[in-house]
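Structure first, commentary second.
Numbering (this note's numbering), first residue to last: 1063 to 1393.
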């Protein structure tokens, strides 16, 4: 059997430069030099054997010497070229890392400043709307409502960008605790009913009786449910009761929450990308996006050990969240 320690020793001795350059043996200049050395030896011996049969010894020596010098030069050129390529890739990787770090710093500062500004606008609007010394005209009320709605969207966007940054950098910390599902779902439904379209909040509620406590991160679970309810509410028809939410336990270990809405289904070309932040449209070449909400919801569901799936036809769309009653230990 091959001794791994012996292999490791040989690699350190013969190919230390490979580790320094961060490349595998087959891409390492030192290895290429050894290979070319073997090629040179074989070529010289072959040339010597052939030339000896057809030329004088002096001519053979001259041919072998010139061939050796030529091959050594070629070898050195190839090795230097490989080393330059490897080092240029290292420099490019370092620059890419530096640019990514600068982008993250800029994003953090931008999100922080936007959040501060949006919060200030929100509180300013509340103070103006509650001013007892001024009665607002219908036109002013409409303007205030429009500003408040757009500011709320800005607050949501800032929150989503901050969450995406944490998710992609592995900075999400879960704080799990035993929670009662019916309580969380009822709170989420009440929150949606307090939004800009209360008549479109969930109105068919089917929560299985005596659901057990389950362990999860309350804030992130709320984030997932809020996203699913919000999407259903935004894409359901305005008239009548067009949204349903159900919850049950499967196989005694899995919590299943389904949010369903009537209305137009998800377009076929969008279904493959519904949980992505961005994707490139193959027909137009443009960058498209379905929104950050579902990307965040799916990422959080997987961090909690679960998953979100969906079905959609021209009349009904249903998103189903599955979570273990107890999340994996590594979360």
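Beta carbons: idealized from backbone N, C-alpha and C, even for Gly.
Note that this is a predicted model, so its numbers are computed, not measured.
- As for any beta strand (DSSP E) of minimum length 3 sitting wholly inside the stretch 1196-1273, the runs are 1238-1241, 1266-1269, ordered along the chain.
- Judged by DSSP in its simplified three-state form, residue 1291 adopts helix.
- If you compare the alpha carbons of 1370, 1174, 1152, 1112 with that of residue 1317, the shortest gap goes to 1370.
- In the DSSP assignment, residue 1384 falls outside any alpha helix (DSSP H) and within the unbroken beta strand (DSSP E) covering 1378-1386.
- Per DSSP, residue 1334 is not a residue of any beta strand (DSSP E), being assigned neither H nor E.
- Inter-residue distance for residue 1275 and residue 1384 is about 15 Å (C-alpha atoms, whole angstroms).
- For the set 1379, 1239, 1363, the Cα lying nearest the Cα of residue 1304 is the one of 1379.
- Apart from the 5 residues on each side of it in sequence, residue 1312 sits with its Cβ closer than 7 Å to the Cβ of 1318 in its chain, given in chain order.
- In this chain, residue 1362 is not harboured by any beta strand (DSSP E); it is covered by the alpha helix (DSSP H) spanning 1355-1365.
- Short of 7 Å from the beta carbon of residue 1315, and not among the five residues preceding or following it, lie these beta carbons of its own chain, in chain order: 1386, 1387.
- Sixteen is the threshold: when 16 or more other Cβ atoms of the shown chains lie within 10 Å of the Cβ of residue 1286, as they do, the residue is buried.
- Around the beta carbon of residue 1220, a 10 Å sphere encloses 16 or more other beta carbons of the protein chains shown; the residue is thus reported as buried.
- Per DSSP, reduced to three states, the secondary structure at residue 1314 is coil, with no helix or strand assignment.
- Listed as beta-bridge partners of residue 1307 by DSSP are 1267, 1321.
- The Cβ-Cβ distance between residue 1357 and residue 1372 does not fall below 7 Å.
- For residue 1276, the three-state secondary structure derived from DSSP is strand.
- With 16 or more other Cβ atoms from the protein chains shown falling within 10 Å of its own Cβ, residue 1292 counts as buried.
- Rounded to whole angstroms, the separation of the alpha carbons of residue 1173 and residue 1222 is 10 Å.
- Here residue 1371 is bridged, per DSSP, to 1382.
- Within the model, the alpha-carbon separation for residue 1278 versus residue 1234 is close to 14 Å.
- One alpha carbon belongs to residue 1102, the other to residue 1140, and they sit about 14 Å apart.
- It is roughly 11 Å from the alpha-carbon of residue 1138 to the alpha-carbon of residue 1096.
- Cα atoms of residue 1272 and residue 1244: separation of roughly 9 Å, rounded to the nearest angstrom.
- Residue 1106 is positioned such that its CB atom lies no closer than 7 Å to that of residue 1127.
- Residue 1290 holds the alpha-carbon nearest to the alpha-carbon of residue 1363 among 1179, 1290, 1152, 1211.
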